[in-house]
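The structure appears right after this line, and notes come after that.
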Amino acid sequence: MSKKQYLSVLSNSGDGAIIYYVGDNEDDVKHLENCILLCKESFSPKLQNVQLIKSKNPQLEFYKLSEQYKKDYLEENKLEFINGYYLHKDAVIGKDVIIGKGCVIGKCIIEDNVKIHPNVVVYAETKIMSDVVVEANTVIGAEGVMWVWDNEERVYLHQLGGVIIEKHCKIGSNVTIVRGSANENTIIGEGTCMAHGTLVGHGCIIGKNNHFANNVSLGGGVKICDNCFFSSGVVLSAGCTIQDVILVGSGGVLNGNIEKPGVYVGVPAKWLKPYNGKLSGVPLR
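Here it is in structure tokens:
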């Protein structure tokens, strides 16, 4: 296939996209135009200018195809050693940026007044907006681990997306933010803070002014609106959507969409009470 074509998640598809779909609902794909759709043999949607490639396992075929589109997100041969850290020669660095010793900065964009502590790795296709702090040993733009079985062998998906960290965020130490799959970005919204050890899966979209205490884990594709608070050790299962002003107690597990504002606790987390603005550990606004 031509390199002018590109791998895409279903929601971001455009002209030239290659997408896979394993469902049966024609409404899920009715927006597709001028692209290639890998789908099940039994699926025959009526779409204009869409080439259908039918397979017993379209997800497997898509994962195999990603091998042809993979790219080097560090390009070590283009890294230059400067003042104790490695910097890609094509990285774009703003004014008054501080980069600590032992960092590896790939082909990314870092805006003004960003402070990056020692031993941080920033992969390509990352944009860090102004006034962000990233503490030591954090990895931004890592490749996640997505795979399917091909008989008895694993076939991995090469993730080709990026990461956007909006302004005024604070990212703690030992945090890992996985880049988006295919042509999507993982987005950390303005004013969000993440404490040490938090893990963010591929394609998560996090809104503004959210707080993640230590060791919170987000599966891939989680969507969080604004002004939420996740206490230490909270787990959000892949694909959850969380609305505004949700607070989750320590160790809580969210395994589905949450719409009702308030305080949630337990495994799985259940609604406990409204948020009255007075909870231990949650700063007053």
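Numbering (my numbering), first residue to last: 1 to 285.
Even for Gly, the Cβ is constructed at its ideal location relative to N, Cα and C.
Please read all numbers here as calculations on a predicted model, not as lab measurements.
Own chain partners of residue i with C-beta closer than 6 Å, once the 5 adjacent residues on each side are dropped
i, result
"residue 121", "104 and 139"
"residue 114", "97, 128 and 132"
"residue 175", "138, 194 and 198"
"residue 164", "127, 185 and 187"
"residue 1", "For residue 1, the predicted model reports a pLDDT of 44, less than 50, meaning its position is unreliable; a value from the coordinates is still stated below. Taken in chain order, the list of residues that qualify is empty."
"residue 235", "217 and 253"
"residue 62", "20 and 38"
"residue 5", "16 and 18"
"residue 74", "106"
"residue 87", "80 and 105"
"residue 76", "none"
Span of the alpha helix (DSSP H), counted from its first residue to its last, around residue i
i, result
"residue 43", "No alpha helix (DSSP H) contains residue 43, which DSSP labels as neither H nor E."
"residue 64", "58-65"
Start-to-end residues for the beta strand (DSSP E) that takes in residue i
i, result
"residue 80", "79-82"
"residue 51", "50-55"
"residue 19", "17-20"
"residue 87", "85-88"
"residue 264", "262-265"
"residue 185", "185-188"
"residue 273", "270-273"
"residue 248", "246-248"
Sequence-distant residues of the same chain with beta carbon closer than 7 Å to residue i, five excluded per side
i, result
"residue 99", "85, 105 and 116"
"residue 3", "Any reading at residue 3 is ruled out, since the residue's pLDDT is 46, under 50, leaving its predicted position unreliable."
"residue 12", "183 and 184"
"residue 150", "60"
"residue 271", "260, 262 and 264"
"residue 24", "43"
"residue 167", "129, 130, 131, 132 and 190"
Integer Cβ distance of residue i from residue j, believed to fall under 8 Å
i, j, result
"residue 129", "residue 111", "5 Å"
"residue 93", "residue 134", "Not quite, the Cβ-Cβ distance comes to about 14 Å (not below 8 Å), so this is no contact."
"residue 71", "residue 90", "That pair is no contact at about 14 Å."
"residue 213", "residue 9", "With 8 Å as the limit, residue 213 and residue 9 do not qualify as a contact, their Cβ atoms being about 29 Å apart."
"residue 123", "residue 136", "Wrong, their Cβ atoms sit about 17 Å apart, outside the cutoff."
"residue 286", "residue 275", "The structure shown has nothing for residue 286, since the chain only spans 1 to 285."
"residue 21", "residue 37", "6 Å"
Chain-order list of residues whose beta-carbon lies under 8 Å from that of residue i (same chain, five-residue window excluded)
i, result
"residue 238", "201, 219, 220, 221 and 222"
"residue 15", "33, 34 and 35"
"residue 256", "237, 240 and 268"
"residue 273", "262 and 263"
"residue 67", "158"
Self-check item: 3-residue-minimum beta strand (DSSP E) runs that sit fully inside the region 107-181, ordered along the chain
Solution: Counting only runs of 3 or more residues that sit fully inside the region 107-181, the beta strand (DSSP E) segments are 126-128, 139-142, 147-150, 153-156, 162-165 and 176-178, in chain order.
Quiz item: Between the region 41-52 and the region 78-87, do three or more beta carbon pairs fall short of 8 Å?
Solution: Touching, no, given that fewer than three Cβ pairs across the two stretches are closer than 8 Å.
Quiz item: For the region 206-222 against the region 31-42, are there 3 or more C-beta pairs whose distance is under 8 Å?
Solution: Segment contact: the region 206-222 against the region 31-42, fewer than three CB-CB distances shorter than 8 Å; contact not assigned.
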